Amino acid sequence: MPETPAAERGEASGEITADTVQHLAGLARIALTEDEIESLTSELDSILASIAKVSEVAREDVPATSHPIPLDDVTRPDEIADVLTREQALANAPEQTDGMFRVSSILGEEQ
Numbered sequence: 042m043p044e045t046p047a048a049e050r051g052e053a054s055g056e057i058t059a060d061t062v063q064h065l066a067g068l069a070r071i072a073l074t075e076d077e078i079e080s081l082t083s084e085l086d087s088i089l090a091s092i093a094k095v096s097e098v099a100r101e102d103v104p105a106t107s108h109p110i111p112l113d114d115v116t117r118p119d120e121i122a123d124v125l126t127r128e129q130a131l132a133n134a135p136e137q138t139d140g141m142f143r144v145s146s147i148l149g150e151e152q
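Take the sequence shown: its letters are residues 42 to 152, numbered as in this note's numbering.
Structure representation (structure tokens):
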């Protein structure tokens, strides 16, 4: 029976190995050179170590935040203002059909 990975058991996985990076690259269908594997091994290990430090600090009695500064509604109110009429908007259009801008087909199909 295959062993359950440490991450799935909720344990720290230790360090990332070159074999782990090769396995992940295989799953993602990415070809890596030996230099890339070596570089990614140390980078991923560093990232996991940083995540482990944050996990040590995370506490249930501290509410999670999505932003460090509370933000209220930062958008302006949607108010009607003076706008162009349809005729004014279409006045300089190179082509128009049925009161709408006519543009070239981009997907190769006419509608």
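Backbone N, C-alpha and C define an ideal beta-carbon position, used for all residues, glycine too. Please read these numbers as outputs of a predicted model, since none were measured by experiment.
Assigned exposure category for residue i - 16 Cβ within 10 Å defines buried
i	result
Ile-110	exposed
Inter-residue Cα distance where the pair is residue i and residue j
i	j	result
Val-98	Gln-63	31 Å
Leu-65	Ser-107	30 Å
Ser-100	Asp-113	In the sequence as displayed, the identity of residue 100 is Arg instead of Ser. When rounded, the distance between both Cα atoms is 26 Å.
Asp-139	Val-95	59 Å
Neighbourhood of residue i by C-beta, 6 Å cutoff - its chain only, sequence neighbours within 5 removed
i	result
Ala-59	Ile-78 and Thr-82
Check whether residue i and residue j have beta carbons under 8 Å apart
i	j	result
Phe-142	Leu-125	no
Glu-56	Asp-86	yes
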